[in-house]
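Right, one structure below, let's go through it.
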Amino acid sequence: MSDSAARLTARLSETAPGLRVESGPGALGQYAYDASNYRVPPRAVAFPRSTDDVVAVLRACKETGVAVTARGGGTSMAGNAVGPGVVLDFSRYMNRVLDVDPAGGTARVEAGVVLDALQSATALHGLSFGPDPSSHSRCTIGGMIGNDACGNRSVRHGRTSGHVEALEIVTADGVRAVADHEGLHPVDPAEAERVARLEAEVRRLIGDNLAPIRTELGRIPRQVSGYQLHHLLPERGFDMARALVGTEGSCAVVTAATVRLVATAQASALLTLGYDDVVDAAEDVAEILRWNPTAVEGMDEAIVATMRARRGPDSVTGLPEGRAWLYVELDGDDQATVNTRAAELLGVLKAQGRMTGGRVVESAAERRSLWRVREDGAGLAARLLDGGESWPGWEDSAVAPENLAGYLRDFRKLLADHGLTGVMYGHFGAGCVHVRIDFDLVSDEGRAAARRFLHEAAALVVAHGGTLSGEHGDGRARGELLEVMYSHRMIRAFAAFKEGFDPEGLLNPGVIVAPAPLDADLALHQIRPLATEFTFPHDEDGFAGASRRCVGVGRCRSDAGGVMCPSYRATGEENDSTRGRARILQEMVRGETVQDGWRSTEVKDALDLCLSCKACSSDCPVGVDMATYKAEFLHQHYKGRLRPRSHYSLGWLPLTSALAGYAARPLNALLRGPLGRLLARLGGITTKRTIPAFASRHALRRVLRHAKAGEPAKALLFVDSFTRAFRPEVAGAASRVLAEAGIPCAAEDGLCCGLTWVSTGQLSVARRIMARTVAHLDNGDERPIIVAEPSCAAALKRDVPELLGTDAARRVADRVHTFTGALTDLAAPDWSRPALPDNVVLQTHCHEYATFKGRRPADLLRRLGVGKVDEAEGCCGLAGNFGFEEQHYDTSMAVADLALRPRLDGIDPNTPSVVVADGFSCATQIDHLAGDRGIRALHLAELLDRAPDQPGETS
Numbered sequence: 002m003s004d005s006a007a008r009l010t011a012r013l014s015e016t017a018p019g020l021r022v023e024s025g026p027g028a029l030g031q032y033a034y035d036a037s038n039y040r041v042p043p044r045a046v047a048f049p050r051s052t053d054d055v056v057a058v059l060r061a062c063k064e065t066g067v068a069v070t071a072r073g074g075g076t077s078m079a080g081n082a083v084g085p086g087v088v089l090d091f092s093r094y095m096n097r098v099l100d101v102d103p104a105g106g107t108a109r110v111e112a113g114v115v116l117d118a119l120q121s122a123t124a125l126h127g128l129s130f131g132p133d134p135s136s137h138s139r140c141t142i143g144g145m146i147g148n149d150a151c152g153n154r155s156v157r158h159g160r161t162s163g164h165v166e167a168l169e170i171v172t173a174d175g176v177r178a179v180a181d182h183e184g185l186h187p188v189d190p191a192e193a194e195r196v197a198r199l200e201a202e203v204r205r206l207i208g209d210n211l212a213p214i215r216t217e218l219g220r221i222p223r224q225v226s227g228y229q230l231h232h233l234l235p236e237r238g239f240d241m242a243r244a245l246v247g248t249e250g251s252c253a254v255v256t257a258a259t260v261r262l263v264a265t266a267q268a269s270a271l272l273t274l275g276y277d278d279v280v281d282a283a284e285d286v287a288e289i290l291r292w293n294p295t296a297v298e299g300m301d302e303a304i305v306a307t308m309r310a311r312r313g314p315d316s317v318t319g320l321p322e323g324r325a326w327l328y329v330e331l332d333g334d335d336q337a338t339v340n341t342r343a344a345e346l347l348g349v350l351k352a353q354g355r356m357t358g359g360r361v362v363e364s365a366a367e368r369r370s371l372w373r374v375r376e377d378g379a380g381l382a383a384r385l386l387d388g389g390e391s392w393p394g395w396e397d398s399a400v401a402p403e404n405l406a407g408y409l410r411d412f413r414k415l416l417a418d419h420g421l422t423g424v425m426y427g428h429f430g431a432g433c434v435h436v437r438i439d440f441d442l443v444s445d446e447g448r449a450a451a452r453r454f455l456h457e458a459a460a461l462v463v464a465h466g467g468t469l470s471g472e473h474g475d476g477r478a479r480g481e482l483l484e485v486m487y488s489h490r491m492i493r494a495f496a497a498f499k500e501g502f503d504p505e506g507l508l509n510p511g512v513i514v515a516p517a518p519l520d521a522d523l524a525l526h527q528i529r530p531l532a533t534e535f536t537f538p539h540d541e542d543g544f545a546g547a548s549r550r551c552v553g554v555g556r557c558r559s560d561a562g563g564v565m566c567p568s569y570r571a572t573g574e575e576n577d578s579t580r581g582r583a584r585i586l587q588e589m590v591r592g593e594t595v596q597d598g599w600r601s602t603e604v605k606d607a608l609d610l611c612l613s614c615k616a617c618s619s620d621c622p623v624g625v626d627m628a629t630y631k632a633e634f635l636h637q638h639y640k641g642r643l644r645p646r647s648h649y650s651l652g653w654l655p656l657t658s659a660l661a662g663y664a665a666r667p668l669n670a671l672l673r674g675p676l677g678r679l680l681a682r683l684g685g686i687t688t689k690r691t692i693p694a695f696a697s698r699h700a701l702r703r704v705l706r707h708a709k710a711g712e713p714a715k716a717l718l719f720v721d722s723f724t725r726a727f728r729p730e731v732a733g734a735a736s737r738v739l740a741e742a743g744i745p746c747a748a749e750d751g752l753c754c755g756l757t758w759v760s761t762g763q764l765s766v767a768r769r770i771m772a773r774t775v776a777h778l779d780n781g782d783e784r785p786i787i788v789a790e791p792s793c794a795a796a797l798k799r800d801v802p803e804l805l806g807t808d809a810a811r812r813v814a815d816r817v818h819t820f821t822g823a824l825t826d827l828a829a830p831d832w833s834r835p836a837l838p839d840n841v842v843l844q845t846h847c848h849e850y851a852t853f854k855g856r857r858p859a860d861l862l863r864r865l866g867v868g869k870v871d872e873a874e875g876c877c878g879l880a881g882n883f884g885f886e887e888q889h890y891d892t893s894m895a896v897a898d899l900a901l902r903p904r905l906d907g908i909d910p911n912t913p914s915v916v917v918a919d920g921f922s923c924a925t926q927i928d929h930l931a932g933d934r935g936i937r938a939l940h941l942a943e944l945l946d947r948a949p950d951q952p953g954e955t956s
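Everything in the sequence shown is counted per the numbering used here, starting at 2 for the first residue and increasing by one.
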């Protein structure tokens, strides 16, 4: 920590006792970024718990001349959530829904409340907050107010400013006030004179600039750029609340807001319409708007192709033929009426002749998957199938909807003239286009070219009567360009408005007024190559390029949906999110804020609670794979150094468990006693768990001895280390079920995937283990390799080829199937399924979820006739070695509390129900949580096995 940072931290702590302030390299590195192209390291990050904390910080910063930037979810694409002074993170503690008034149709919330949390609280009353950005699972109401955010249903609900009743603010000098539809009011009577002077100053400003305000502002629905001073016109009633919406924290800090709610529609229908390109799609928007839709969203084929590649072909269903698509949502009070209108609209659009296809999406699951594609657009467009990268900067322009097709036509020509490619999506019904462009923001030549393009793009959108920003705000990306859009007089009025609230320019400097150059503080830089063990085949710049995948969209900060990120869900800390970890890895590569490279303790601390679940590799729209990055870092960090004890005790488990099999019975008895607890402590293993019992070598031989010599084997059953050491009965069950399904197997025992050495970062050993396994399996045999343990299957499928980087490793990986995948893809059509229970509680292994897309146990169970599959959507918390490590036990249990424990606690003892968990660690966690109640998890093979008491039959 620098001396100045230390003094600032001390001053803040003195001013606001109990205020949490961080100024170490880790926090500064993580909060130097949002979801934009910019990197601005702060001097400190403060986490207020109350408005009093905010007042204290602002007064201390005014005394010391330090800038302040308010921040919510940190998902800004324009650079309006980063700043050089103190960053106030409202999302950590000031995140409560304070009150919901169903009768009045309003809610009062703190600035850091996440939109989805507000929606959950209001849904109980049949109400919701109208604006719904794609980032709804992590964006905060304060951030939405800062940007004047809109969302997917903005054709119906418009901008956030239209839903704000009152703002509770703190000015740059620490004065509290309430802004509402009639002006500005003091909270403390002692500050009434200061507030009155400020209001009078603003009234004079508006009176002096009536003509430009009336002619330049509020021209189109999505005109967010600049300050919305037209709300202060006499005919608007001097609406200070709405005028402060969209000021991006540059005039005052919002601590709470009263917002107006809307009634939730009783019925809705979704149409998907296909087109040859986005211009054709835009041509149909005018007709669609005549039907009063709630949403008209557009996207191009690159986003859909990337989604299918990352999450499997079944992740996007329900789209008609085309290379661009519109989603159109209609709503109403009666489903039959809505369906009729949807069919009529589809008929009208077919008659227009532009569509390549269209349909009404009936399936709720299809609707969810389609909306997820649209919501992940920013991330999916950032890193496409060919490995190319694209960036924001001109991602938020908007025109009147009737001008959209013409604007897109000219904009595509502008891109072509500059040799650039853009991936387009956005709110076509509101005329707002999101586009990520393959700028070169590293070289001086590329930055100069980007600057030229942006100035020409600004001129183009203005020529079409549009705005630089339609919902993301101007920020650092477009502040410089406001002079292209507005007259000098209006620019001066903006400056005077800010000066009235913030005379010293301390609030979010460099944004809107006196803007920083649009090419200043860019995050991309020349990368120094790093030698690594993993090959990172999908990233041009190796480890540096892999960590750069994170562009800050923050899906990992969601509390629900998917599996990512279990540690963040357990702690709520940015440091424990996939984004926070990726950002500090980027700082490590950069070598400025984090200067110790692979030896960095800040990076080690950020990665410490990563469970290596791999969920981010699937759930993250840009495919960040933090488990692999952590393994590489641990390898480099501990190279030539003593490791944590658990790296030896758990990392070498395949070897020690093989030896344990020769004396399993006496060893198990020993481990259950005091000596076992002592050995656990010596090995860095928690004593709060029971060490699983080792199986004897005889038990495995008994399973494998009863081999059928009849039908030739069509596949190999890979007997992994966990199955061999702890549950050989699974190998027998898998063998019998696969044989019944027409896939007789030959057992492959004595091989290892190397997973435990990977997860503990012992990659040199892992390479040797993997090379031996690959050499044995790549012997000209092309039969499928079926692995009962999902984590080992995932290691063979992904870690082995990415660590070895050989053709042989890739050939082996191509043959690998999970048990679920084998039954899904290889089973005989006439396989006679056994009778199954009506209810199954399911814990899917995270590695299976992430690696084997479209081959999930839940889908197979439903196809096999299980009526209700109650899946614990999330990590079990044990995660291999993680939950056995002494220092991680509490986090492991906190993760289990998120999804798994509630499912187990919800089991009705009077209703027959079976728990299924194919992963050994998942089954072990279930035994720890509910074994005392007689609940034991079965492997899917055991559930399907007709003869569980028979020895395994392996040919």
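Glycine residues also receive a C-beta, built at the ideal position from the N, C-alpha and C atoms. Being a predicted model, the structure only gives us computed values, none of them experimental.
Are the beta-carbon atoms belonging to residue i and residue j less than 8 Å from one another?
{"i": "residue 944", "j": "residue 926", "result": "no"}
{"i": "residue 262", "j": "residue 107", "result": "yes"}
{"i": "residue 585", "j": "residue 604", "result": "yes"}
{"i": "residue 115", "j": "residue 294", "result": "no"}
{"i": "residue 501", "j": "residue 886", "result": "no"}
{"i": "residue 273", "j": "residue 348", "result": "no"}
{"i": "residue 802", "j": "residue 794", "result": "no"}
{"i": "residue 546", "j": "residue 530", "result": "no"}
Do you know whose CA, among the options, lies nearest residue i's CA?
{"i": "residue 376", "options": "247, 439, 139, 838", "result": "139"}
{"i": "residue 917", "options": "615, 864, 846", "result": "846"}
{"i": "residue 496", "options": "887, 523, 515", "result": "515"}
{"i": "residue 768", "options": "797, 750, 743, 741", "result": "797"}
{"i": "residue 828", "options": "94, 328, 785", "result": "785"}
{"i": "residue 532", "options": "638, 134, 486", "result": "638"}
{"i": "residue 312", "options": "853, 219, 947", "result": "853"}
{"i": "residue 136", "options": "214, 76, 383", "result": "76"}
Which word fits residue i, buried or exposed, when buried means at least 16 other C-beta atoms lie within 10 angstroms of its C-beta?
{"i": "residue 960", "result": "Here the chain has residues from 2 to 956 only, and residue 960 is not among them."}
{"i": "residue 318", "result": "exposed"}
{"i": "residue 64", "result": "exposed"}
{"i": "residue 619", "result": "buried"}
{"i": "residue 663", "result": "exposed"}
{"i": "residue 732", "result": "buried"}
Note the first and the last residue of the continuous alpha helix (DSSP H) segment covering residue i.
{"i": "residue 903", "result": "901-906"}
{"i": "residue 122", "result": "116-124"}
{"i": "residue 869", "result": "Unbroken run through residue 869 is the beta strand (DSSP E), 869-872; no alpha helix (DSSP H)."}
{"i": "residue 617", "result": "617-620"}
{"i": "residue 758", "result": "756-760"}
{"i": "residue 462", "result": "445-464"}
Please check if any C-beta of chain C sits within less than 8 Å of the C-beta of residue i.
{"i": "residue 310", "result": "The structure shown contains no chain C, having only a single protein chain."}
Could you pull out every residue in the same chain whose Cβ sits closer than 6 Å to the Cβ of residue i, ignoring the five residues on either side in sequence?
{"i": "residue 482", "result": "459, 469"}
{"i": "residue 406", "result": "280, 283, 284"}
{"i": "residue 71", "result": "89, 250, 254"}
{"i": "residue 408", "result": "400, 465"}
{"i": "residue 133", "result": "152, 153, 154"}
Spatial neighbours of residue i within its chain, please: CB distance less than 7 Å, with the 5 preceding and 5 following residues excluded, ordered by chain position.
{"i": "residue 165", "result": "146, 242, 243, 246, 258, 260"}
{"i": "residue 188", "result": "177, 178, 179"}
{"i": "residue 753", "result": "655, 722, 770, 774"}
Excluding the 5 residues flanking residue i on each side, which residues of the same chain have their C-beta closer than 8 Å to its C-beta?
{"i": "residue 122", "result": "98, 101, 108"}
{"i": "residue 170", "result": "177, 178, 179, 180, 245, 253, 254, 255, 256"}
{"i": "residue 606", "result": "27, 576"}
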